[in-house]
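S.K.:
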Amino acid sequence: MMERNMGVGEQQHTLAESEEGQVDEGTVYSPSHRNAGLEVSGRIIYHAQTEYSGPNETLVDQIWSSIDTSPGAIAISLEYAANNDVLTSLDTFPWDGKKGIVFVRGFHDLHCLKLIKRSLSEYRDGNPQTKSRAHISHCVDTLRQGVLCSADDTPMPTDDGTTGDGQPLQCRIWDKLVKKGGRVDTYFTMRIIPKSPIDLQQRGTPVPQQLLNNQTQFFA
10 MMERNMGVGE
20 QQHTLAESEE
30 GQVDEGTVYS
40 PSHRNAGLEV
50 SGRIIYHAQT
60 EYSGPNETLV
70 DQIWSSIDTS
80 PGAIAISLEY
90 AANNDVLTSL
100 DTFPWDGKKG
110 IVFVRGFHDL
120 HCLKLIKRSL
130 SEYRDGNPQT
140 KSRAHISHCV
150 DTLRQGVLCS
160 ADDTPMPTDD
170 GTTGDGQPLQ
180 CRIWDKLVKK
190 GGRVDTYFTM
200 RIIPKSPIDL
210 QQRGTPVPQQ
220 LLNNQTQFFA
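Numbering-wise (my numbering), the sequence shown opens with residue 10 and increments by one.
1) Runs of 4 residues minimum, wholly inside the stretch 127–186: which ones carry the alpha helix (DSSP H) assignment?
2) Given 8 angstroms as the limit, is there contact between the stretch 88–96 and the stretch 69–79, that is, 3 or more CB pairs closer than that?
3) Under the three-state reduction of DSSP, which class applies to S205: helix, strand or coil?
4) Can you tell me the Cα-Cα spacing of K185 and T78, whole angstroms?
5) When the Cα atoms are used, what is the spatial distance from V111 to D118?
6) Count the other C-beta atoms from every protein chain shown that fall within 10 angstroms of the C-beta of L178, then say buried if there are 16 or more, exposed otherwise.
7) Among all the DSSP beta bridges, which residues are the ones paired with S75?
8) Are at least three pairs of beta-carbons, each pair with one atom in the stretch 81–88 and one in the stretch 113–132, less than 8 angstroms apart?
9) What does the alpha-carbon distance come out to for the pair H56 and S141?
10) By how many angstroms is the C-alpha of G106 removed from the C-alpha of G170?
11) Does DSSP put S62 in a helix, a strand or coil?
12) Does DSSP classify D94 as helix, strand or coil?
13) Which of helix, strand or coil does DSSP assign to V69?
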């Protein structure tokens, strides 16, 4: 059984009881489990303090800012959405009206955590808030709903004022979610949504070949 430190985005997940009261591993209904095929497969160690909460606040801010949530923005077919309990009231993908834009929940949660951390840092430094109170409140409530949804029942022992330091957790592996991408082949970056790479090339704008290859694959 592998052991890893609890790092960014490595979501904790515990076993849940079936209707018969038996414990089932890796079969809990969940969009992440269903769409990306992720099961509880990793033994990750929880730490009360990590590099994301260290004493060097400048370094901590940089680490948080470096978290990449762009892989969570994906395009799925409207047919896939209809067949997999995904609301079909999606923003249409700019380059193909048969596909809609979704944001994988784990990445959305990380996005919210980044915004909350940024807001705290701005308050600490006496700088104006770059995000509205409504946006931050939305993010806090999003995380609240996520906590209630996961209903994690892992016992977290207390010791000398800390909770759960060193406790093993049974988790899905975050890197697998990034790699699998919810079984959807095409990721896209929010920054390139307004223009199709092919359209940009036709207008004489230099476009990286890899981006064109991805665009060709998307239309395939």
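We put the CB at the ideal spot given by N, CA and C, even for glycine.
M.R.: In brief:
1) 142–159
2) no
3) Because S205 sits at a pLDDT of 49, beneath the cut-off of 50, its placement in the model cannot be relied upon, and the following sentence gives the value as read from the coordinates. Of the three classes helix, strand and coil, the one that applies to S205 here is coil, per DSSP.
4) 14 angstroms
5) 13 angstroms
6) buried
7) Bridge partners of S75: none, in fact.
8) yes
9) 31 angstroms
10) 54 angstroms
11) helix
12) coil
13) helix
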